[in-house]
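Reviewing the structure listed below.
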Amino acid sequence: MERLDLVSPDLYLDGVPREYFRWLRDNDPVAWHEERDGPGYWVLTRFDDVVSANRNWELYSNSFKGSSIEEARSEEELVARRRMFVNQDPPEHTRYRKLVSAAFTPGQIRRMVPLIEQTCARLVDRLLDGETHDFVPIAEELSFQMVATLFGVPESDWPHLIEITRVMADFQDPEVNPGLAPRPEMQRDIASYAQELISSVRRSPENHDGVVVELVQSELTDDEGTHTLTDAEIISFFPAVLVGGLSTTAHAMTEMVNSWVREPNIFDAWSGGECPTSFVEEFLRWRGPVMSFRRTATADHVLRGRQISRGEKVILSYASANHDERHFEMPEMFDPNRELLDHVAFGGGGPHFCIGAQLARMDLKLVFGQLLQRIGTIEAAGEPQRLRANQFAGWLHYPVRVTPR
Ligand code: HEM
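Quick note on numbering: the numbering used here labels position 102 of the sequence shown as 1310, and the sequence is numbered without any gaps.
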């Protein structure tokens, strides 16, 4: 089969190329692809291979060349990327990740439930006013509010910060980032915002909440000893967590709306009722928003007969692994009753497994629940527009009109 350009964001304007992935899984599960503006890459498409590579961080590194599909344009850019823990390997990664993971424990997430419920109800009220609404900003508002609250970003700053975060997350889309130029000023904007917030927290911690207060008081122990976190170290958490949290959950919500619009009967069995946990898990398997992450091989090795060399780019296709017929029976079917629901929508269980998974699950359970319980019909009110992006499957605009149940 002719190779598709899997790193081209344009490819995904037509959606995830599921037939191509199926062909790769069956015929070339460790597939080399040439790249127009890059060194070329391997794509792992089978469930077992994606899980193994996720766990084998010594062989498949995040730090070597970062976890984004695009190559860094300079050594300086690579060094900057490595300040974010998503672009580090253990043991450095473990030390940094531990500092923020306290914000995302099941107990912390449970405490957020009343806020999430209120926000979901308010947003669905807004949808039910009989007018046409773009669902994308509604979903983004909800996702951002939860991450920002946990992190400790004051509400008055949300509109400004959501703008910056959006450009950083959706930088490959010309409507969000005209000219598709690199936008280092966005990094600077978020850094200067973070700097102001950190200074304010250091001056008067009692006026602030959230993980940022803990970070200011945290200590880090490394080879050089123990020190409290510097401003630069704290700043590096902002883009990682805010970008990771804004669009992913929002894309999943919009994709649920899209599935409902396209195949109105698909969710009939659940409409009017509670949203079971298995519904969310199966939805993430079936239409999870994170298509892939990148690793770099740290040593020459052979995988399924293919020779992978040190320094080569390896793309882990979560979108394909979640539809692997070797692991999931009839994977194209949406079936929350399936026995095995161990999908890789949040990663394959390695050190980089999504830190926001519990929060995302709770957001989705409550928002899907509100939609299923309160909405009678939903239709597209205009042409929906997919996001131009090569790692996230999402929507730029999704105008809808809904009627109540
Ligand atoms: C439906 C929603 C979400 C999906 C599908 C998703 C998916 C993922 C995936 C696939 C990874 C990479 C795993 C790996 O390479 O091993 C990841 C990592 C990450 N996610 Fe999420 N995510 C979601 C929501 C969130 C939220 C709400 C947050 C923020 C609070 C978040 C923050 C992060 C961070 C910081 C990382 C990097 C973790 C690390 O390197 O240790 N994500 N996510």
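Yeah, the Cβ is synthetic: ideal placement off N, Cα and C, and Gly gets one too.
Exposure of residue 1306 is indicated by the presence of fewer than 16 other C-beta atoms within 10 angstroms of its C-beta. Rounded to whole angstroms, the gap between the alpha carbons of residue 1463 and residue 1222 is 14 Å. Taking a cut-off of 8 Å for Cβ pairs, the stretch 1341-1361 and the stretch 1447-1462 touch, as three or more such pairs fall below it.
Taking every protein chain shown into account, the CB of residue 1585 has fewer than 16 other CB atoms within 10 angstroms, so this residue is exposed.
The C-beta distance from residue 1215 to residue 1242 rounds to 10 Å, too long to meet the 8 Å contact threshold. Rounded to the nearest angstrom, the Cβ distance from residue 1576 to residue 1565 is 16 Å, too far for a contact under 8 Å. Sequence-distant partners of residue 1540 (beyond 5 residues in either direction) whose C-beta falls short of 6 Å from its own C-beta are missing from its chain. Within the DSSP bridge table, the entry for residue 1511 names 1514 as partners. Taking 7 Å as the cut-off, one finds at least one heavy atom of the ligand HEM near enough to the beta carbon of residue 1562.
C-alpha of residue 1490 to C-alpha of residue 1573: approximately 12 Å in a straight line. For residue 1500, the enclosing beta strand (DSSP E) stretches over residues 1500-1505. Cβ-Cβ distances below 6 Å link residue 1209 to 1231 in the same chain, with the five nearest sequence neighbours on each side left out; the list follows chain order.
Taking 7 Å as the cut-off, the C-beta of residue 1264 does not count as close to any heavy atom of the ligand HEM. Taking C-beta atoms under 8 Å as the contact rule, residue 1496 and residue 1259 fail to qualify, at a distance of about 15 Å.
For the pair residue 1607 and residue 1590, the CB atoms are nearer than the 8 Å cut-off. The three-state reading of DSSP puts residue 1494 in helix, counting H, G and I together. Shortest gap from the CB of residue 1498 to any heavy atom of the ligand HEM: under 7 Å.
In the DSSP assignment, residue 1609 falls outside any alpha helix (DSSP H) and within the unbroken beta strand (DSSP E) covering 1607-1612.
Here residue 1315 carries a helix assignment [DSSP, helix/strand/coil].
Residues 1307, 1436 and 1437 of the same chain have their beta carbon placed closer than 8 Å to that of residue 1426, with the five preceding and five following residues left out of the count. Residue 1320 sits close to residue 1354, with the two beta carbons spaced by under 8 Å. Contact between the stretch 1475-1488 and the stretch 1395-1414 is absent: fewer than three C-beta pairs spanning the two stretches fall below 8 Å. Secondary structure of residue 1273 (DSSP, three-state): coil. Shown here, residue 1588 sits in a strand according to DSSP, grouped into three states. Here residue 1508 is near residue 1518, since their CB atoms are less than 8 Å apart.
The residue among 1356, 1510 and 1544 with its C-alpha nearest the C-alpha of residue 1454 is 1356. For residue 1475, the CB stays at least 7 Å from every heavy atom of the ligand HEM. Boundaries of the beta strand (DSSP E) harbouring residue 1525: 1521-1525, taken from the DSSP string. Note that the stretch 1278-1290 does not touch the stretch 1318-1336; fewer than 3 beta-carbon pairs, one per stretch, sit closer than 8 Å. For residue 1393, the enclosing alpha helix (DSSP H) starts and ends at 1392-1411. CA-CA distance, residue 1544 to residue 1485, rounds to 9 Å. Look at residue 1599 here: in three-state DSSP terms it is coil, with no helix or strand label.
Taking the C-beta atoms as reference points, residue 1217 is found nearer than 8 Å to residue 1598. Linking residue 1527 to residue 1379 through their CA atoms gives a straight-line distance of about 21 Å. With fewer than 16 other Cβ atoms inside 10 Å of its own Cβ, residue 1481 counts as exposed. When the alpha-carbon of residue 1432 is set against those of 1530, 1338, 1300 and 1261, the nearest one is in 1300.
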